[in-house]
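Enquirer: Under this note's numbering, the first residue of the sequence shown carries the number 96, and numbering increases by one thereafter. Note that CB positions come from ideal geometry on N, CA and C, so glycine has one too. Here the structure is a predicted model, which means the values were calculated and not measured. Shown below is the structure under consideration.
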Amino acid sequence: MLSVDALSCGVVAGNLAPCLTYLKKGGPVPPPCCKGVGALNSAAKTTQDRRDACNCLKQTASKIGGVNAGFAAALPRACRVNIPYKISTSTNCASIK
């Protein structure tokens with residue numbers, strides 16, 4: 096299980112690594128992907144954690160390239176995880192509460 100202290104960009108990217116095929120090509124979301132999404136959401140307990148995770152998601156998406164914005168935005172719902180902000184490269188991470 097993740098600890099809040101371990102919520103770094105490496106942890107964020109590692110938890111979402113099983114999601115890469117879905118984020119680029121769509122199709123069924125692999126169970127390990129949803130497990131990672133849920134673990135990240137559970138670990139991001141404070142406003143700062145959520146902002147850090149948001150910034151890491153944006154940085155990671157720009158580094159790997161080829162991420163479909165629609166698939167990324169649909170990921171929380173597909174995994175039945177309630178994330179309190181839109182997953183998008185245009186999200187203002189500083190506005191997340």
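1. With distances taken from CA atoms, which of Ala138, Ala148 and Leu115 is nearest Cys104?
2. Straight-line CA distance for Pro127 to Asn187?
3. Flag this pair as yes or no: are the beta carbons of Asn136 and Val176 separated by less than 7 Å?
4. Roughly how many angstroms lie between the CA atoms of Cys174 and Ala167, to the nearest whole one?
5. When burial is assigned at 16 or more other CB atoms within 10 Å of the CB, is Arg145 buried or exposed?
Expert: Judging by the given coordinates:
1. Ala148
2. 28 Å
3. yes
4. 11 Å
5. buried
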